[in-house]
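Trainee: In terms of my numbering, the sequence shown is residues 2 to 112.
The beta-carbon is built from N, C-alpha and C at its ideal position, and this holds for glycine as well.
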Amino acid sequence: MPFEFFDEIATADVAFEAWGETIEEMFISAAEATMNVMVADLEKIERREKREIEIRSDAIDMLLFNLLQEIIFFKDAEQLLLRIEDANIVYENGLYFVRATGWGEQISPER
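1. Which residues in the same chain have their Cβ closer than 6 Å to the Cβ of E55, if we skip the five residues on either side of it in sequence?
2. So, helix, strand or coil for D8, using DSSP?
3. Hey, quick one: how far does the alpha helix (DSSP H) through S30 stretch, first residue to last?
4. Can you tell me where the alpha helix (DSSP H) with N89 in it begins and where it stops?
5. Could you tell me which residues DSSP pairs with A101 in its beta bridges?
6. Can you list, in chain order, the residues of its chain whose CB lies under 7 Å from that of L65, leaving out five sequence neighbours each side?
7. Going by other Cβ atoms of all chains shown within 10 Å of its Cβ, with 16 needed for buried, is G95 buried or exposed?
8. Measure how close the beta-carbons of E111 and R49 come, nearest whole angstrom, since I'm counting them as under 8 Å.
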């Protein structure tokens, strides 16, 4: 997996390092780590629903933070477990933009 958890750093929160060949791959890895906190086996999340996510920010770190918040929002508001499979980041006119595609399924207590 392109991420690693650091249990010894955070006791009430989660600390992880994510990486990738590109900034987009690192964003996807961070999204996978975030979802892996909520779901032990990411491969069990089925590709039933698709979401297109567009976020902008004036700082690249906040762009990542906002993307991770969006994943958590989908889980909390729509009961949707979402895995980011594609991301495109551009910098234009002083703003960073990410367009990401996520696939997932509704939370099922039976599973």
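Mentor: Looking at the atomic coordinates:
1. Residue mapping note: residue 55 aligns to position 54 of the sequence shown, counting from 1. For E55, where only same-chain residues beyond five positions count, the Cβ hits under 6 Å are R100.
2. For this step, residue 8 is matched to residue 7 along the sequence shown. Coil.
3. Position 29 of the sequence shown, counted from the first residue, corresponds to residue 30. It spans 24-39 - the alpha helix (DSSP H) in which S30 sits, taken as one unbroken run.
4. Along the sequence shown, one-based indexing puts residue 89 at 88. Counting along the chain, N89 falls outside any alpha helix (DSSP H), though it belongs to the beta strand (DSSP E) covering 81-93.
5. Counting from one through the sequence shown, the residue named residue 101 turns up at place 100. Partner(s): I54, A88.
6. Against the sequence shown, residue 65 aligns to sequence position 64. Closer than 7 Å at Cβ, skipping near neighbours: F28, A31.
7. Counting from 1 along the sequence shown, the entry for residue 95 is found at position 94. The Cβ neighbour count for G95, taken over all protein chains shown within 10 Å, is under 16; the residue is labelled exposed.
8. On the sequence shown, residue 111 is found 110 positions in, with the first residue counted as 1. On the sequence shown, residue 49 is found 48 positions in, with the first residue counted as 1. The Cβ separation is near 15 Å, so there is no contact.
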